[in-house]
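Participant: According to this note's numbering, the sequence shown holds residues 25 to 350 in order.
C-beta atoms are modelled at their ideal positions from N, C-alpha and C, and glycine is treated no differently.
Every value quoted in this text rests on a predicted model; they were computed, and no experiment measured them.
What follows is a structure written as structure tokens; I'll ask about it next.
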Amino acid sequence: MTAFIIRRLLWMVPILLGVSVICFALLKQAPGDPVAILVADARQAGQQISVEDRARLREQYGLDRPVYLQYTDWLGQVLQGNFGVSTRTNAPVHELIMSRLPNTLRLMGAALILTFAIALPLGILSAYKQYSRLDYFLTSFNFIGISIPQFWLALMLLYLFGATLGWFPTRGMGSPYAEPGLWNSIVDVFRYYTLPVISVTLVSLAGYMRYQRAAMLEVIRQDYMRTARAKGLSEAVVILKHGWRNALIPILTLLGYILVLLIEGSIVVEVIYSWPGMGDLAVTSLSQRDYPVVMAIVMLSAVGILVGTLISDILYAVVDPRVRYD
């Protein structure tokens, strides 16, 4: 297992290098110029920017150098733990990331827990009650959940429960006017987290429930399930002890896929609900051509997905003793 983990960690290096090259090249091919945006903002503020000032800004951010040299400069800084300076705010990129990352982790963590808590038991129940009304209802829900665009769902939840009914706030992650006290803090967190967490959860819930149902149906037909029933074990013990653990094995391999969905979903949700997280920062930075921030977010997301995939492979071996990584 140790050798396998080391090999996987070493394989991450060329993968991350390839991601950085592709992302850097795509950003450089995109229309727009960071200096032109800075000049436009300065003119709107009533400031005059000369040609010399433009040249100085391009030199300051290294935009006057060839693209391959810009990439090697950026890579050299990253290897030293420095992601550069934001062209939009002139603040260190790592400070911007660290100010937003905890908010995104809270959102994704709550959505991941809710996804597992709902999808696993409902997927098992749907398989156990195959071809029943409950199974048809849950299967229909899965198809609808997979088909609905997430941005549309988030907007509908925002419009219905936020703007129309006024049950939940429409933006932000906390009220600055919340009354002190533990209970008031819990209520405030619940009100601000409910709609964003539901919007992110529904992205992965339908697909995950569908996979759990398929895995459980495969397990139910196995001989050891009939043997367990023949021994006189209760149906709950047969399903939960003998069935669920074996049905969980293929589901663990989807952890990396779920992380991709959560990252993708968090970007859309953070923009719609003005959630001060990484997704909102990524969209704002991309629109402002703030390339250092965008590159840092892309690389951090790639690392998270690769680590999540590695963890799922390790858990696969833990759950299934037959699996051995030589």
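Under a Cβ-count criterion, where at least 16 other Cβ atoms within 10 Å of its own Cβ denotes burial, should Glu119 be classed as buried or exposed?
Facilitator: Translated into the one-based positions of the sequence shown, residue 119 becomes position 95. It is exposed - the Cβ of Glu119 has fewer than 16 other Cβ atoms within 10 Å.
Participant: If I'm right that Asp304 touches Pro58 with Cβ under 8 Å, what's the distance once you round it to whole angstroms?
Facilitator: Against the sequence shown, residue 304 aligns to sequence position 280. Against the sequence shown, residue 58 aligns to sequence position 34. Between Pro58 and Asp304 the Cβ distance is about 19 Å, and since that is not below 8 Å, they are no contact.
Participant: Identify the continuous alpha helix (DSSP H) that holds Gly100 and give its terminal residues.
Facilitator: Translated into the one-based positions of the sequence shown, residue 100 becomes position 76. Element bounds for Gly100: 91 to 103.
Participant: Thinking just about the alpha-carbon of each residue, which of Asp337, Val224, Arg89 is nearest to the one in Lys52?
Facilitator: In the sequence shown, residue 52 corresponds to position 28, counting from 1. When each option's Cα is compared against that of Lys52, the closest is Arg89.
Participant: Just checking, does the segment 225 to 241 make contact with the segment 145 to 154 on the three C-beta pairs under 8 Å criterion?
Facilitator: Yes, the segment 225 to 241 is in contact with the segment 145 to 154.
Participant: Taking the alpha helix (DSSP H) that Pro126 falls in, what are its first and last residues?
Facilitator: As a working note, residue 126 is residue 102 in the sequence shown. Looking at the DSSP string, the run of the alpha helix (DSSP H) that includes Pro126 is 117 to 152.
Participant: Suppose you measure from the CA of Asn127 to the CA of Leu283; what does that come to, to the nearest Å?
Facilitator: Translated into positions along the sequence shown, residue 127 becomes position 103. Translated into positions along the sequence shown, residue 283 becomes position 259. Taking the straight line joining both Cα atoms gives about 16 Å.
Participant: For the ligand ZN, any of its heavy atoms closer than 7 Å to the Cβ of Leu158?
Facilitator: Summarising the ligand content, the structure contains no ligands, and the ligand ZN is consequently not present.
Participant: Spatial neighbours of Pro116 within its chain, please: C-beta separation below 7 Å, excluding the five flanking residues on both sides.
Facilitator: Residue 116 sits at position 92 when you count from the first residue of the sequence shown. For Pro116, where only same-chain residues beyond five positions count, the Cβ hits under 7 Å are Val109.
Participant: Pick out whichever of Leu184, Leu81, Arg124, Val343 has its Cα sitting closest to the Cα of Lys265.
Facilitator: Within the sequence shown, the letter at position 241 stands for residue 265. Ranking Leu184, Leu81, Arg124, Val343 by Cα distance to Lys265 puts Val343 first.
Participant: Which residues in the same chain have their Cβ closer than 7 Å to the Cβ of Val318, if we skip the five residues on either side of it in sequence?
Facilitator: The residue given as residue 318 occupies position 294 in the sequence shown. Hits under 7 Å: Leu51, Ala306, Ser309, Leu310.
Participant: Does the Cβ-Cβ distance between Ser228 and Leu276 come in under 8 Å?
Facilitator: Within the sequence shown, the letter at position 204 stands for residue 228. Within the sequence shown, the letter at position 252 stands for residue 276. Cβ atoms of Ser228 and Leu276: not closer than 8 Å.
Participant: Using the C-alpha atoms, what's the distance from Met323 back to Thr26?
Facilitator: Residue numbering aside, residue 26 sits at position 2 when the sequence shown is read from its first letter. Residue numbering aside, residue 323 sits at position 299 when the sequence shown is read from its first letter. Approximately 25 Å, taken between the alpha carbons.
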